[in-house]
Amino acid sequence: MPIVHVDMIKGRTDEQKKGLVEDIVKAVETHTGASKDAITVIINDIEKNNIATKGQYQG
65 MPIVHVDMIK GRTDEQKKGL VEDIVKAVET HTGASKDAIT VIINDIEKNN IATKGQYQG
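Set out below in structure tokens:
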């Protein structure tokens with residue numbers, strides 16, 4: 065059972081998340097042979113003030 069974790073900055077709409085999940089599931093089905101029913105996608109919405117990139121705090 066494949067489990068895919070997606071971490072991203074909070075702010076995407078439910079429609080955007082739905083499209084992302086559909087595309088991820090298709091890719092996992094294609095490349096692993098797992099059935100759609102066996103794939104789990106977990107989306108973690110992260111507040112921007114909890115992110116640091118390139119050594120810089122984004123807060």
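No gaps in the numbering here: position 38 of the sequence shown is 102 in the working numbering, and each next residue is one more.
The beta-carbon is built from N, C-alpha and C at its ideal position, and this holds for glycine as well.
Quick caveat, the model's predicted, so the values are computed rather than measured.
Nearest to Ile106 by C-alpha distance, out of Lys74, Gln120, Val70, is Val70. In terms of Cβ geometry, Asn113 and Gly123 form a close pair [threshold 8 angstroms]. Val85 is not a Cβ neighbour of Lys100, given a cutoff of 8 angstroms. Under the three-state reduction of DSSP output, Thr96 falls in the helix class.
Per DSSP, reduced to three states, the secondary structure at Ile73 is strand.
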